[in-house]
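Numbering (mature numbering (1 follows the signal peptide of the UniProt record, and there is no 0)), first residue to last: -15 to -1, 1 to 224. Beta carbons: idealized from backbone N, C-alpha and C, even for Gly. Take a look at the structure below.
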């Protein structure tokens, strides 16, 4: 489970695509309007709330609308990683694993090592590197293909493998929706799904960090007290 958290530190559907990057006030207003619309739809009670005024800053000297695209993409990516981490934590905590051995020499998956962080610690370094390098490949591919989210692209959109000219051989499936289940959905249904994804991601971030906090500091999350095993290691350390 720590693996998917590293993907957050290494930084992979938004509600609405921002306007193209421009220095005009029209483009800036469009990006801000999209941001506020997403905020109101994802949380009708709180609506748009930015006490630190992050939406007004310039990231790496880029335009303000490019910075908004970065922040929106970052939230979606963190949410996706957290959803994978939350589900994976529950699976591993219950000892669920593949029925075959992890390695050809007969070494099994480390499901008996303890809690999910302890299972990660028990993995050979070679296995950890394979996982981390694959995450790095996905990150590099998403940043270097398609229209970038800081240049008018849709925040959260992962480029299709099948459309890339940089992969030297055919790839039969895409990372997102590999079987095309969303092809027949209406734009309204897709928009609702993107809002739901943002909210699910926010909740998952609270969930996975709650698990790790309670493991590290017993009693820090009262609802989880006695439900997760203590962990004395460092959950954010890959090796």
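Taking only the alpha-carbon atoms, compute the straight-line gap between residue i and residue j and give it to the nearest angstrom.
i           : j           : result
residue 83  : residue 91  : 13 Å
residue 93  : residue 102 : 17 Å
residue 38  : residue 14  : 15 Å
residue 175 : residue 169 : 10 Å
residue 147 : residue 217 : 44 Å
residue 226 : residue 224 : Summary: the structure shown does not reach residue 226, with the chain confined to residues -15 through 224, and so no result is reported for it.
residue 193 : residue 65  : 12 Å
residue 18  : residue 140 : 15 Å
residue 172 : residue 164 : 18 Å
residue 180 : residue 188 : 13 Å
residue 126 : residue 88  : 28 Å
residue 30  : residue 190 : 20 Å
residue 208 : residue 195 : 9 Å
residue 79  : residue 42  : 44 Å
residue 210 : residue 100 : 15 Å
residue 149 : residue 62  : 21 Å
residue 199 : residue 81  : 21 Å
residue 40  : residue 56  : 8 Å
residue 16  : residue 213 : 42 Å
residue 151 : residue 109 : 32 Å
residue 113 : residue 105 : 8 Å
residue 161 : residue 201 : 34 Å
residue 167 : residue 159 : 13 Å
residue 145 : residue 95  : 34 Å
residue 220 : residue 184 : 25 Å
residue 156 : residue 132 : 20 Å
residue 85  : residue 204 : 37 Å
residue 177 : residue 68  : 18 Å
Over the uninterrupted alpha helix (DSSP H) stretch that includes residue i, give me the two end residues.
i           : result
residue 37  : Here residue 37 belongs to no alpha helix (DSSP H), and DSSP marks it neither H nor E.
residue 168 : Neither: residue 168 is in no alpha helix (DSSP H) and is coded neither H nor E.
Any beta-carbon of chain B closer than 8 Å to the one on residue i?
i           : result
residue 160 : Of the protein chains in the structure, only one exists, and it is not chain B.
Ranges of the alpha helix (DSSP H) found wholly within the region 63 to 118, counting only runs of at least 4: Those alpha helix (DSSP H) runs which fall completely within the region 63 to 118 and span 4+ residues are 101 to 106.
Does the region 47 to 63 come close enough to the region 135 to 150 that 3 or more CB-CB pairs lie under 8 Å? In short, these stretches touch, since the Cβ pair count reaches three.
Alpha helix (DSSP H) segments (min. 4 residues) lying fully within the region 146 to 217: Annotation: the region 146 to 217 contains the following complete segments of the alpha helix (DSSP H) (minimum length 4 residues), in chain order: 172 to 201.
Three or more C-beta pairs closer than 8 Å, one from the region 71 to 81 and one from the region 25 to 37: is that the case here? The region 71 to 81 and the region 25 to 37 do not touch, with fewer than 3 CB-CB distances between them shorter than 8 Å.
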